[in-house]
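Step one of this worksheet: look at the structure below.
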Amino acid sequence: MPGYSSSPFTDQYLLYIDFDQDGIFANSEKGFTDRTSSTEGVFGNVVIPSDAAEGITRMRVILAFQSHDSPCDNSGFVFGEIEDYCIHITR
72 MPGYSSSPFT DQYLLYIDFD QDGIFANSEK GFTDRTSSTE GVFGNVVIPS
122 DAAEGITRMR VILAFQSHDS PCDNSGFVFG EIEDYCIHIT R
């Protein structure tokens with residue numbers, strides 16, 4: 072949960088998962104989007120498609136001050152952060 076020492080900002084939260092494990096985050100691999108006040112936590116569900124490849128893959132979490140619609144292009148990215156994680160998809 073982000074925190075600020077001054078007044079809260081409106082941030083956009085995005086989550087991408089490389090479901091087909093091709094090394095590219097496609098727009099169809101957006102697992103979660105939310106626009107909310109940064110002073111509150113963000114909760115939601117991510118549905119793993121039945122055709123998602125099993126095994127280790129990348130997940131990208133983006134917190135952006137302004138609207139941000141791309142998993143890889145950071146042009147126009149003013150404040151926020153982008154973090155990558157490895158996750159294991161199993162059935």
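Taking this note's numbering, the leading residue of the sequence shown gets 72, the next gets one more, and so forth. Idealized CB from N, CA, C, for every residue including glycine.
For residue i, which residues of its own chain have a beta-carbon under 7 Å away from its beta-carbon, when the five flanking residues on both sides are left out?
i	result
Leu134	Pro73, Asp82, Tyr84, Gly151, Glu152
Cys143	Phe96
Using the C-alpha atoms, what's the distance from residue j back to residue i?
i	j	result
Gly102	Gly126	17 Å
Gly154	Ser121	For the sequence presented, residue 154 should be read as Glu rather than Gly. Cα to Cα, Glu154 sits roughly 25 Å from Ser121.
Might you give, ordered along the chain, the residues of its own chain that have their beta carbon closer than 6 Å to the beta carbon of residue i, omitting 5 neighbours on each side?
i	result
Leu86	Gly102, Phe103, Val132
His159	Ile127
Asp105	Tyr84, Val113
Tyr156	Met130
Identify, in the order they occur along the chain, each residue of the same chain with its Cβ nearer than 8 Å to the Cβ of residue i, setting aside the five sequence neighbours on each side.
i	result
Ala124	Phe90, Asp91, Gln92, Ile160
Glu100	Tyr87, Ile88, Asp89, Phe90, Asp91, Pro142
Of the choices the options, whose alpha-carbon is the least far from that of residue i?
i	options	result
Arg162	Arg129, Asn98, Ile119	Ile119
Nearer than 6 Å: is that true of the beta carbon of residue i relative to any heavy atom of the ligand HEM?
i	result
Ile160	The ligand content of the structure shown is nil, which means the ligand HEM is not present either.
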